[in-house]
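Numbering (the working numbering), first residue to last: 3 to 264.
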């Protein structure tokens, strides 16, 4: 069973003590490829050095809305420079993690929107998928995506919206990232939505080291947990883990333009 972890932060210091062992253990469990996402300018170099050390890791670069007050205007210019320099590199796969966060009320929404749109434009210019952080901001994100009409769309990371919102994203060509959140028994609404999702619209993710599944409460999340997350989500969707793994892997490969053996 081959799996792809479409959203990790493996460059974070949380993994410094055992990163190589974790990668080896994840591979042994079938988690072959993993996407590592940038969140601010100061982690891009570290992230790229990590990705360059392992052919099964892929990089996305972006300015995350949660770190809005840390980002400088020059960071957008530098993001464009990174994308220009790495254009066509097989291990550059997307622009991300970008988006809108309305959960944290102290984050200025107008500034978030400007940053989001500037990065969507970069995704369009470089014909890269966009990996999106969307928290309590589905309406604004959907309205923005309808204006940009990205050719390669992308992924709605940690999707937790409604059936209607899922339909809107799917119409725009986006895949829905599913991970540990729905494994929790109290996530009743999300479980109902996931049960009805078309298989060609989903990809799997961990958001390591965050969003630990119910099987590992309070622990550091890691790509090693993806097979168990896959099994739990497959049960919610009333299909086999093998079916979900095959579909999500094929979807991720199609999105990122990677070869796929199945």
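All C-beta atoms in this analysis are idealised placements derived from N, C-alpha and C, irrespective of residue type, glycine included. Only a predicted model underlies this, so the values are computations on that prediction, with no experimental measurement involved.
Cβ pair residue 185, residue 6 closer than 9 Å: no
Do residue 178 and residue 203 have their beta-carbon atoms positioned less than 9 Å apart in this structure? yes
Expressed to the nearest angstrom, what Euclidean distance is found between the alpha-carbon atoms of residue 260 and residue 137? 29 Å
Would you kindly work out how many angstroms separate the C-alpha atoms of residue 163 and residue 230, rounded to a whole number? 23 Å
If you run the structure through DSSP and keep just helix, strand and coil, what is residue 140? helix
In or out: residue 76 buried (at least 16 other Cβ within 10 Å) or exposed? exposed
Is it true that the CB of residue 133 sits closer than 9 Å to the CB of residue 168? no
Residue 206, enclosing beta strand (DSSP E) - first and last residue: 204-206
Three or more C-beta pairs below 8 Å linking the region 39-54 and the region 242-251: no
Considering only the alpha carbon of each residue, which of 80, 191, 225 and 254 lies closest to residue 30? 225
Look up residue 197 in the DSSP assignment and say whether it is helix, strand or coil. helix
By alpha-carbon positions, which one of 101, 69, 64 and 99 ends up nearest to residue 83? 64
Unbroken stretches of the beta strand (DSSP E), 3 residues or longer, contained in the region 88-154: 94-103 and 132-137
At the level of alpha carbons, what is the spacing between residue 59 and residue 189? 31 Å
Give every residue of the same chain whose Cβ lies closer than 6 Å to the Cβ of residue 217, excluding the five residues on either side of it in the sequence, and list them in chain order. 230
Alpha-carbon to alpha-carbon, residue 233 and residue 161: 18 Å
Bridge partners for residue 171 per DSSP, in chain order? Paired residues: none, contrary to the question.
In this structure, how does DSSP classify residue 246 when only helix, strand and coil are distinguished? helix
Nearest by alpha-carbon distance to residue 140: which of 51, 90, 158 and 193 is it? 158
Can the beta-carbon of residue 66 be found less than 9 Å from the beta-carbon of residue 135? yes
Identified DSSP bridge partners for residue 10: 38 and 210
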